[in-house]
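Visitor: One structure, pasted below without further comment.
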Amino acid sequence: MTYAADTSLRDKMMKQMAHLDINAQVGTCMPLASMRIGTLIYNIEMNPGQGGKLVRAAGSCAKILKEPTSKYCLVKLPSGAEKLIDSQCRATIDRVSLINFSIL
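Set out below in structure tokens:
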């Protein structure tokens, strides 16, 4: 491999990595397949395109437990239950706002 080809490949990889980091910002809605292990999420779809059905209460969040490389992604819900959800379903990164809701 020549130096020019090596540099071009490196530049492409760096652009892809930067693109992924920009997309993974708080409040971004994206498919579970595009997220990393340990990401806190809310407003999760049950079926692709259906709209958010899970984890919508104030201050709540779920956590991705296994790498969403296959058809399904393992998510731990606020109740403690672990659920397999289609990797094409979308969710929003972070947690629902108003964490101190019980004080109001």
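Take the sequence shown: its letter number 86 is residue 88 in the numbering used here, and every next letter is one higher. Glycine residues also receive a C-beta, built at the ideal position from the N, C-alpha and C atoms. Small disclaimer: the values here were computed from a predicted structure and weren't measured.
To the nearest angstrom, how far is it from the Cα of T41 to the Cα of V57?
Guide: Going from the Cα of T41 to the Cα of V57 covers about 14 Å.
Visitor: Going by DSSP, name the residue or residues bridged to G54.
Guide: G54 pairs with E47.
Visitor: Please identify the residue among P33, I39 and R38 whose C-alpha is closest to the C-alpha of N45.
Guide: Answer by Cα proximity: P33.
Visitor: Considering only the alpha carbon of each residue, which of N49, P80 and L76 lies closest to Q90?
Guide: Closest option to Q90, Cα to Cα, is N49.
Visitor: So what does DSSP say about L34, is it helix, strand or coil?
Guide: The answer is helix: DSSP assigns L34 an H, G or I state.
Visitor: Measuring CB to CB, does C63 end up less than 8 Å from V98?
Guide: It is a contact, given that the beta carbons lie within the stated cut-off.
Visitor: What is the DSSP secondary structure of I95, counted as helix, strand or coil?
Guide: Here I95 sits in strand by DSSP.
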